[in-house]
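Written below as structure tokens is the structure these notes are about.
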Amino acid sequence: MTQPSLFDVLLANWNYLIVIVLMMSGLFIVISRYNLVKKLVGLSIFQTSVFLFYISLAKVDGGTAPILTDDPSTIYSNPLPHVLILTAIVVGVATTALGLALVLRIHSAYGTIEEDEILAAKTAAMEPRYRRGDEAEADALAASEAKS
Amino acid sequence: MTLFAFFNNLPSLLVVVPLMMAPIAALIPISQLAWAATLLATAVSFIAAVLLHMLTGAGARVTYYLGNWAPPWGIEFVVDSATSFVLMVITALGFVVTLFARRSLASEINNGDLGKAYGAWLLAIGGLSGLVLTADAFNLFVFLEISALASITLIALGAGRVRRSLIAAYNYLIIGAVGATFYVIGVGFIYAMTGSLNMADLAERLPDVANSTVIYVGFGFMVAGILVKAAVFPVHIWLPSAYSYAPSAVSTLLAAIATKAAIYVLARIVFTIFAGVPDLTIAAMNWVIIPLSLAGIFTGTILAIYESDIKKLLAHSSVAQIGYITLGIGVATTQSLTASFIHIGNHALMKGGLFMAVGGFFYALGQRVTVYNIVGMGRRMPITATAFLICGLSLIGLPLTAGFISKLYLVRALLDDQALVIVGLVLLSSALSLIYLWKIVEVMWSNNPAYNDRDFTEQPALYIPLWMLAGANIWFGIDSSFIVKGAEAAARALGGGL
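Protein chains in written order, with numbering that gives the first Met the number 0: chain L, 0 to 147; chain H, 0 to 497.
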């Protein structure tokens, strides 16, 4: 028996290849982007790759959709991962919704959703007279001064 | 309904009552009523947890099949001694902190948001209880996210005071979601190899496929995901800002119970699910968990020494204390697991008390509590400051406080295991923790308040729950039999495969 070539192995497991590419791009976006919305997009891609992973696991060779037929010789795909992923999608939607809500609040509090600008705003708010204390206190003071 | 049937339904009550009460509390327009509903739900949970602890103490193992689907097909709640011990810690602290929350939350967030805050509060407690109860690997993920999203909402409520709580909440959301997704990937690998999600069933099936690399990868993903939630070094970075910019009551709740449930899940994964694959778990313990715990103990302690904001200082110290708990899990003897469980209980008492005391100072001062503005607090707010001192001494591990019992059992377990280097490091870090604690105690008690500093009137609504915890710190320091007995039973129940 000859060793299968790398190309054949990859071709036979192309679903995992897609999952890996999506997962890594998602994770890379989360880590590398400064824009808070883009980070959430990356997170969604990352989570979606896991959904695809589960769904492709559920496929049984020659299996049909897991809907009961009268024919006892029917081969079904495994329905359980589908159900799990339905739950995970709901969790993912909730996470994204909460994240976007937070981004909205961050925008109204800081006037920007770029992480580096937020950091800059934090440093700028730290005038020398506050520097010995806590940054957050300086933040609060700067915010109250801006209001008045 | 017979009494027996009632006891069998107790596990579901712990999740159902808080989750059902959450929307009710969120919809009640009068904040005091919403608080009363929350208190009622946490009290019911606490009673259910105590009953369960009595049952498991008598040697029972309570199981509950959701929707009456028998495992391994259906989702199962299992309560053994380990589960009931952690449940009792979670619900007891949940109840006491809810008592504290009425005044504290009302002074820190908008009146209109209070009802919704209590809704999220109950979701967090119910989610954590479910996390501990469930015996289904995927269901665990759902509870993980219920409690995480609720905690994030609660942290973001600090925005009325400090806008940075929004950033802290956002960072926790991103890091937490990545961690939880890692856990799901791990479960996917394990499911692909075994075709099961029930923990007991997985434990039976895993040894047959123990040589597969897929199992190793799955284990790695699951543990990495849970380490994020448990805030073990180096994935603890979300914790300090999340705890320090949240409203005081929320910090107290999260510091007392949130990471404890995740640490318990870590122990479950290692000692229950992967009990049949000892090569893998022992390697993970020796090369990952123990070094990371020690690193966490030292970074947490050293960062706390240099911190001047008290809440952030306590949050850094939490990272160190989590290190002690995971160290006990990493050493993986029955004694060290006992020490871990003792510290799960005791750390909840002491850190809950410390954060509550800081909440009391914050209520009086009206601004962030730093070492610069608590000068002379021992004289200006004696009741709160004394409780802070007791919990602080407990944190260091002074004899006659609960913290001493934790350290005693941990060091004894390490000596039994001949891990002398680790003993030395634990003792050294305890000595270092004296520095950051003493820094606070000194400005509070040794320095006189400035002549124009006013005395504060202390609120009984704030210091009564605080003293309940401070009293517990002394009580369990003098007569620790209750916690030690519970922890020993927990360690035996968990470490059956050791």
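Positions of the beta carbon are idealized from the N, C-alpha and C atoms, including for glycine.
These numbers come from a predicted model, not from an experiment.
Reduced DSSP secondary structure (H/G/I, E/B, other) of GLY496 of chain H: In the second sequence, counting from the first residue as 1, residue 496 of chain H sits at position 497. Confidence at GLY496 of chain H is low in this model, with a pLDDT of 46, below 50, so the placement of that residue is unreliable and no value is reported for it.
Supposed close pair THR86 of chain L, ILE74 of chain L - CB separation, criterion 8 Å: What you label residue 86 of chain L is simply residue 87 of the first sequence in a count that begins at 1. What you label residue 74 of chain L is simply residue 75 of the first sequence in a count that begins at 1. About 25 Å; that fails the 8 Å criterion.
Using a Cβ-Cβ cut-off of less than 7 Å, give me the residues of the region 103-134 of chain H that come near chain L, in sequence order. Within the region 103-134 of chain H, contact with chain L at the beta-carbon level (separation under 7 Å) is assigned to no residue.
Going by beta carbon distance, what residues of the same chain come within less than 7 Å of TYR53 of chain L, once the five residues before and after it are set aside? By one-based count along the first sequence, residue 53 of chain L stands at place 54. So the qualifying residues of the chain are PRO80, LEU83, ILE84.
Taking the alpha-carbon positions, what's the GLY396 of chain H to LEU252 of chain H distance? On the second sequence, residue 396 of chain H is found 397 positions in, with the first residue counted as 1. On the second sequence, residue 252 of chain H is found 253 positions in, with the first residue counted as 1. C-alpha separation (whole angstroms): 22 Å.
Among H:LEU238, H:ILE328, H:ALA303, H:ILE421, which residue has its Cα nearest to the Cα of LEU265 of chain H? Stepping through the second sequence from its first residue, residue 265 of chain H is reached at position 266. Cα-wise, what sits closest to LEU265 of chain H is H:ILE328.
Assuming PHE232 of chain H contacts VAL318 of chain H under a Cβ cut-off of 8 Å, what Cβ separation, rounded to an integer in Å, is found between them? Stepping through the second sequence from its first residue, residue 232 of chain H is reached at position 233. Stepping through the second sequence from its first residue, residue 318 of chain H is reached at position 319. Contact holds; Cβ gap of about 6 Å.
Chain L contact residues for THR97 of chain H, given Cβ-Cβ distances below 7 Å: Along the second sequence, one-based indexing puts residue 97 of chain H at 98. Correct list: empty, because the minimum Cβ distance to chain L is about 23 Å.
Beta-carbon neighbours of GLY187 of chain H, restricted to chain L and to distances below 9 Å: Position 188 of the second sequence, counted from the start, is the residue given in the question as residue 187 of chain H. Per Cβ cutoff of 9 Å: VAL49, PHE52, TYR53, LEU56, PRO80, LEU83.
Whole-angstrom Cβ separation of SER393 of chain H and ALA338 of chain H, contact assumed at under 8 Å? Locating residue 393 of chain H in the second sequence gives position 394, counting from the first residue. Locating residue 338 of chain H in the second sequence gives position 339, counting from the first residue. With 8 Å as the limit, SER393 of chain H and ALA338 of chain H do not qualify as a contact, their Cβ atoms being about 16 Å apart.
Using a C-beta cutoff of 7 Å, does THR94 of chain L count as contacting chain H? Residue mapping note: residue 94 of chain L aligns to position 95 of the first sequence, counting from 1. Chain H, which has a Cβ nearer than 7 Å to the Cβ of THR94 of chain L, makes this yes.
In the DSSP assignment, find the alpha helix (DSSP H) that holds VAL370 of chain H and state where it starts and stops. On the second sequence, residue 370 of chain H is found 371 positions in, with the first residue counted as 1. For VAL370 of chain H, no alpha helix (DSSP H) segment is defined, and its DSSP state is neither H nor E.
For ASP416 of chain H and ALA179 of chain H, what's the separation of their Cα atoms in angstroms? To locate residue 416 of chain H, count along the second sequence from 1; it is residue 417. To locate residue 179 of chain H, count along the second sequence from 1; it is residue 180. Each residue's alpha carbon lies about 33 Å from the other.
On a CA-only basis, which of H:ILE296, H:ASN170, H:ALA24, H:VAL16 is nearest ILE421 of chain H? Give me that one, please. The residue you call residue 421 of chain H lines up with position 422 of the second sequence. Per the Cα distances, H:ILE296.
Secondary structure of VAL77 of chain H, DSSP reduced to three states: Within the second sequence, residue 77 of chain H is the residue found at index 78, counting from 1. When secondary structure is reduced to three states using DSSP, VAL77 of chain H falls in the strand class.
Return helix, strand or coil for LEU2 of chain H, following the three-state DSSP convention. Position 3 of the second sequence, counted from the start, is the residue given in the question as residue 2 of chain H. Annotated three-state conformation of LEU2 of chain H is helix, per DSSP.
For ILE151 of chain H, the nearest candidate out of H:SER250, H:TYR215, H:SER128 (CA to CA): Indexing the second sequence from 1 puts residue 151 of chain H at position 152. It is H:SER250 whose Cα lies nearest to the Cα of ILE151 of chain H.
Answer yes or no: the CB of PHE76 of chain H versus the heavy atoms of the ligand NAP, is any distance below 6 Å? The ligand NAP is not part of the structure shown, which contains no ligands of any sort.
Can you pull the chain L residues whose beta carbon is under 9 Å from the beta carbon of GLU75 of chain H, in chain order? Walking along the second sequence from the start, residue 75 of chain H turns up at place 76. Simply none; closest approach about 15 Å.
Which whole-angstrom value describes the C-beta separation of LEU13 of chain H and LEU132 of chain H, a residue pair presumed to lie in contact below a C-beta threshold of 8 Å? Within the second sequence, the letter at position 14 stands for residue 13 of chain H. Within the second sequence, the letter at position 133 stands for residue 132 of chain H. Correct: roughly 6 Å between the Cβ atoms.
Roughly how many angstroms separate the alpha carbons of ASP115 of chain L and TYR169 of chain H, rounded to a whole number? Taking the first sequence and counting its residues from 1, the one referred to as residue 115 of chain L is at position 116. Taking the second sequence and counting its residues from 1, the one referred to as residue 169 of chain H is at position 170. Answer to the nearest angstrom: the Cα atoms are 15 Å apart.
Which residues in chain H sit within 7 Å of THR111 of chain L, going by Cβ to Cβ distance? Translated into the one-based positions of the first sequence, residue 111 of chain L becomes position 112. Those do not exist, as THR111 of chain L stays about 12 Å from chain H at its closest Cβ, beyond 7 Å.
Would you kindly check if the distance between the Cβ of ILE373 of chain H and the Cβ of MET443 of chain H is under 7 Å? Against the second sequence, residue 443 of chain H aligns to sequence position 444. Against the second sequence, residue 373 of chain H aligns to sequence position 374. Yes; because the gap between Cβ atoms is below 7 Å, this pair is in contact.
How big is the Cα-Cα spacing for VAL9 of chain H and LEU424 of chain H? Residue 9 of chain H sits at position 10 when you count from the first residue of the second sequence. Residue 424 of chain H sits at position 425 when you count from the first residue of the second sequence. Correcting the residue type first, residue 9 of chain H is Leu in the shown sequence and not Val. When rounded, the distance between both Cα atoms is 42 Å.
Beta bridge counterpart(s) of ASP308 of chain H as assigned by DSSP: Start at 1 with the first residue of the second sequence, and residue 308 of chain H comes out as number 309. Paired residues: H:THR369.
Tell me the DSSP secondary structure of ARG131 of chain L in three-state form. Position 132 of the first sequence, counting from 1, holds the residue named residue 131 of chain L. Residue placement at ARG131 of chain L is flagged as unreliable, the pLDDT there being 48, under the threshold of 50; a coordinate-derived value is accordingly withheld.
So, is LEU497 of chain H buried or exposed, given that buried needs 16 or more other C-beta atoms within 10 angstroms? Residue mapping note: residue 497 of chain H aligns to position 498 of the second sequence, counting from 1. Note that LEU497 of chain H scores 48 on pLDDT, short of 50, meaning its location in the model is unreliable and no value can be drawn from it.
Please list, in chain order, all residues of the same chain as GLY485 of chain H whose beta carbon is under 6 Å from its beta carbon, the five residues on each side excluded. Position 486 of the second sequence, counting from 1, holds the residue named residue 485 of chain H. Counting only Cβ-Cβ distances below 6 Å, and skipping sequence neighbours, we find PHE84.
For LEU13 of chain H, does the three-state DSSP call read helix, strand or coil? Locating residue 13 of chain H in the second sequence gives position 14, where the first residue counts as 1. Three-state DSSP puts LEU13 of chain H in a helix.
Let me know if ARG453 of chain H comes out buried or exposed under the rule of 16 or more other beta-carbons within 10 Å of its beta-carbon. In the second sequence, residue 453 of chain H corresponds to position 454, counting from 1. Classification for ARG453 of chain H: exposed.
Cβ of ARG32 of chain L within 7 Å of any chain H Cβ: If you number the first sequence from 1, residue 32 of chain L lands on position 33. At least 7 Å separates the CB of ARG32 of chain L from every CB of chain H.
Note down the Cα distance separating LEU139 of chain H from GLY129 of chain H, rounded to an integer number of angstroms. Here residue 139 of chain H refers to the residue found at position 140 of the second sequence. Here residue 129 of chain H refers to the residue found at position 130 of the second sequence. Roughly 8 Å between the two C-alpha positions.
Does the distance from the C-beta atom of GLY352 of chain H to that of THR383 of chain H stay below 7 Å? Translated into positions along the second sequence, residue 352 of chain H becomes position 353. Translated into positions along the second sequence, residue 383 of chain H becomes position 384. Going by C-beta atoms, GLY352 of chain H is not nearer than 7 Å to THR383 of chain H.
Contact between the region 41-53 of chain H and the region 141-148 of chain H: three or more CB pairs below 8 Å? no
Please tell me whether PRO127 of chain L has its Cβ less than 7 Å away from any Cβ of chain H. Position 128 of the first sequence, counting from 1, holds the residue named residue 127 of chain L. With a pLDDT of only 48 at PRO127 of chain L, under the threshold of 50, the placement of this residue in the model should not be trusted; the figure read from the coordinates follows. No, PRO127 of chain L does not count as interfacial toward chain H.
What does the alpha-carbon distance come out to for the pair VAL324 of chain H and HIS346 of chain H? As a first step, residue 324 of chain H is located in the second sequence; it is residue number 325 there, counting from the start. As a first step, residue 346 of chain H is located in the second sequence; it is residue number 347 there, counting from the start. Reading off the sequence, residue 324 of chain H comes out as Ile, not Val. Roughly 9 Å between the two C-alpha positions.
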